[in-house]
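Residue numbers (the numbering used here): 62 to 285. Everything on this sheet refers to the single structure shown next.
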Ligand code: CA
């Protein structure tokens with residue numbers, strides 16, 4: 062799951078980023094409205110956390126422009142206590158929810174879970190496929206009594222495969238979703254991580270296999 066955080070207070074942005082990464086989200090950070098808008102327009106994000114008071118372009122203008130451009134990514138607005146009007150304006154501009162600063166980590170995570178769930182991706186239910194389960198909280202792949210910790214990229218790739226069980230995921234989809242941009246040099250990485258995941262499935266004695274669909278991508282097999 063890929064998040065965009067647009068926040069100009071660099072210390073706060075880094076702190077939120079660290080919390081979210083610990084929860085296995087992939088996080089991109091923009092420190093002004095313009096770069097935030099440019100990132101958001103790529104439409105690769107599952108949720109955008111958008112501060113209202115931003116240099117260059119303010120958060121509400123970023124949001125308005127995104128909705129005009131039909132970018133329907135859920136947006137969580139961050140507002141300061143004094144900006145009560147901004148909450149109303151924000152919701153009018155197409156924000157899905159808002160959070161008043163200062164907020165607790167738990168509150169932030171709960172809002173993000175709710176917003177990403179609305180998009181049809183339940184993050185608090187551990188995906189299962191065949192004899193394996195992906196523990197979202199611990200970042201572990203489980204088969205019967207065995208478990209193995211996945212690296213961050215491995216985890217994201219496995220999550221993508223398991224939440225689209227039986228469907229082929231192309232290399233381009235992996236790169237776009239996990240690395241966030243198209244770059245030929247990244248395609249080899251997909252193969253490397255797939256080979257790591259295959260080794261871990263073997264270690265777990267799972268019946269699940271990652272099949273290669275030549276020239277197309279990868280999919281899981283072994284559900285029954
Ligand atoms: Ca700000």
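For each residue, glycine too, the CB sits at the ideal point set by N, CA and C.
Quick check on the burial criterion: 16 or more other C-beta atoms within 10 angstroms. Buried or exposed for residue i?
i	result
residue 2	One cannot answer for residue 2 here, as it falls past the ends of the chain, which runs 62 to 285.
residue 267	buried
residue 288	Residue 288 cannot be examined here, being either before or after the span of the chain that is shown, 62 to 285.
residue 102	exposed
residue 238	buried
residue 168	exposed
residue 252	exposed
residue 164	exposed
residue 228	exposed
residue 222	buried
residue 76	exposed
residue 206	exposed
residue 149	exposed
residue 113	buried
residue 261	buried
residue 236	buried
residue 186	exposed
residue 177	buried
residue 264	exposed
residue 74	buried
residue 134	buried
Hey, would you say the C-beta of residue i is under 7 Å away from at least one heavy atom of ligand 1?
i	result
residue 70	yes
residue 147	no
residue 121	no
residue 114	yes
Is the distance from the Cβ of residue i to the Cβ of residue j below 8 Å?
i	j	result
residue 88	residue 109	no
residue 140	residue 117	no
residue 123	residue 98	yes
residue 156	residue 138	yes
residue 191	residue 283	yes
residue 241	residue 63	yes
residue 278	residue 234	yes
residue 71	residue 92	yes
residue 104	residue 132	yes
residue 69	residue 115	yes
residue 213	residue 85	yes
residue 154	residue 194	no
residue 209	residue 220	no
residue 121	residue 147	yes
residue 159	residue 215	no
residue 166	residue 90	no
Nearer than 7 Å: is that true of the beta carbon of residue i relative to any heavy atom of ligand 2?
i	result
residue 162	With respect to ligand 2, the structure shown offers nothing to examine, as its ligands consist of ligand 1.
Output the residue ranges of the beta strand (DSSP E) runs that lie fully inside the region 110-196 and measure 3 residues or longer, sorted by chain position. 136-141, 158-162, 193-196
Starting from the N-terminal side, write out each stretch of the beta strand (DSSP E) that is 3 residues or longer and does not extend beyond the region 194-264. 201-204, 207-210
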